[in-house]
Amino acid sequence: MVQQSLIYSFVACGTVILVEFTDFKGYFSSVAAQCLEKLPSSNNKFTYNDDGHTFNYLVENVFTYCVVAVDSAGREIPMAFLERVKEDFNKRYGGGKAATAQANSLNKEFGSKLKEHMQYCMDHPDEISNLAKVKAQVSEVKSAMMENIEKILSRGEICDMLVDKTENLGSEAQVFYIQGTRMRRKMWFKNMKTKLIIVAIIIALILIIILSVCGGFNCGN
Numbered sequence: 001m002v003q004q005s006l007i008y009s010f011v012a013c014g015t016v017i018l019v020e021f022t023d024f025k026g027y028f029s030s031v032a033a034q035c036l037e038k039l040p041s042s043n044n045k046f047t048y049n050d051d052g053h054t055f056n057y058l059v060e061n062v063f064t065y066c067v068v069a070v071d072s073a074g075r076e077i078p079m080a081f082l083e084r085v086k087e088d089f090n091k092r093y094g095g096g097k098a099a100t101a102q103a104n105s106l107n108k109e110f111g112s113k114l115k116e117h118m119q120y121c122m123d124h125p126d127e128i129s130n131l132a133k134v135k136a137q138v139s140e141v142k143s144a145m146m147e148n149i150e151k152i153l154s155r156g157e158i159c160d161m162l163v164d165k166t167e168n169l170g171s172e173a174q175v176f177y178i179q180g181t182r183m184r185r186k187m188w189f190k191n192m193k194t195k196l197i198i199v200a201i202i203i204a205l206i207l208i209i210i211l212s213v214c215g216g217f218n219c220g221n
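Straight run, no breaks: the sequence shown in full-length UniProt numbering ends on number 221.
As structure tokens, this is what we get:
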């Protein structure tokens with residue numbers, strides 16, 4: 001078990017902190033707020049190190065999710081925590097309420113949820129690690145499959161270009177045009193068949209990865 005590896009967390013809209021939670025006293029809350037004002041606006045994940053602590057941020061749309069952790073916690077647990085908080089926060093406030101909320105106005109509603117997610121991630125480090133491995137492997141498989149799909153589609157575009165050029169040749173090239181049209185249809189059906197096969201393979205690989213890494217479908221909530 002990782003003891004007290006996560007020590008402070010907040011959710012902000014822009015630079016306004018809507019909800020925060022900690023069981024500790026220290027400078028880290030002010031440093032986290034200062035870093036918030038300097039974060040790039042692009043959706044991404046950021047980590048800063050300072051005096052034995054990491055300040056981890058997940059930026060998506062107008063919201064920023066932050067957790068301060070001790071160095072020994074690594075990066076997997078803090079980032080897994082931020083993903084859990086983001087998912088929970090979006091479910092509760094996806095309708096737009098949070099976008100107009102005042103500073104710290106959600107402490108009563110969501111502060112306890114920050115505490116719950118922090119405790120869960122600290123109590124289940126092995127599960128968090130397994131989930132991170134699953135996501136990494138699934139991402140790798142998807143990237144490889146998408147690259148193959150793009151190659152297949154590019155071949156279809158080449159075929160379309162050839163047909164378009166044939167169309168511009170005039171009536172004397174009607175035979176080639178008909179052949180090109182048939183070829184284009186054949187390639188379209190072939191591409192669709194390939195896509196379906198690739199989707200089936202991705203689903204099968206995801207199931208295999210989950211079963212092998214997590215020992216079944218018990219990777220957590």
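Glycine included, C-beta positions come from ideal geometry on N, C-alpha and C. Every value quoted in this text rests on a predicted model; they were computed, and no experiment measured them.
Per the Cβ contact rule, the stretch 87-101 is not in contact with the stretch 32-44 (fewer than 3 Cβ pairs under 8 Å). Here K193 has no same chain residue with a Cβ atom under 6 Å from its own Cβ, once five neighbours each way along the sequence are excluded. Residue environment for A200: exposed (fewer than 16 other C-beta atoms within 10 angstroms of its C-beta).
The C-alpha of Q102 is placed about 21 Å away from the C-alpha of Y57. Assignment of D123 by DSSP, reduced to helix, strand and coil, places it in the helix class. Here E20 has F10 as same chain residues with Cβ atoms under 6 Å from its own Cβ, once five neighbours each way along the sequence are excluded.
With a beta-carbon spacing of about 14 Å, V70 and A32 fall beyond the 8 Å limit used to define contacts.
Every alpha helix (DSSP H) stretch that sits fully inside the UniProt domain "Longin" (6-114) and reaches 4 residues is listed by chain position as 28-38, 76-93.
Separation of Q4 and C35 (C-alpha to C-alpha, rounded to the nearest whole angstrom) is 22 Å. For the options D50, F46, C13, the alpha carbon positioned closest to that of S30 is the one of D50. Around the beta-carbon of L106, 16 or more other beta-carbon atoms lie within 10 Å, marking it buried.
Of the residues assessed, E83 falls on the buried side of the cut-off, its CB having 16 or more other CB atoms within 10 angstroms. Contact between E37 and T54 does not hold, since their C-beta atoms are separated by about 18 Å, which reaches or exceeds 8 Å.
In terms of Cα proximity to T64, the closest of L207, A204, F89, K108 is F89. Straight through space, the alpha carbons of K195 and K108 are spaced by roughly 48 Å. When only Cα atoms are considered, K190 and I206 end up about 24 Å apart.
Straight-line spacing of the CA atoms in A73 and K186 works out to 54 Å. Restricting attention to F46, A12, L6, the CA atom closest to the CA of F28 is found in L6.
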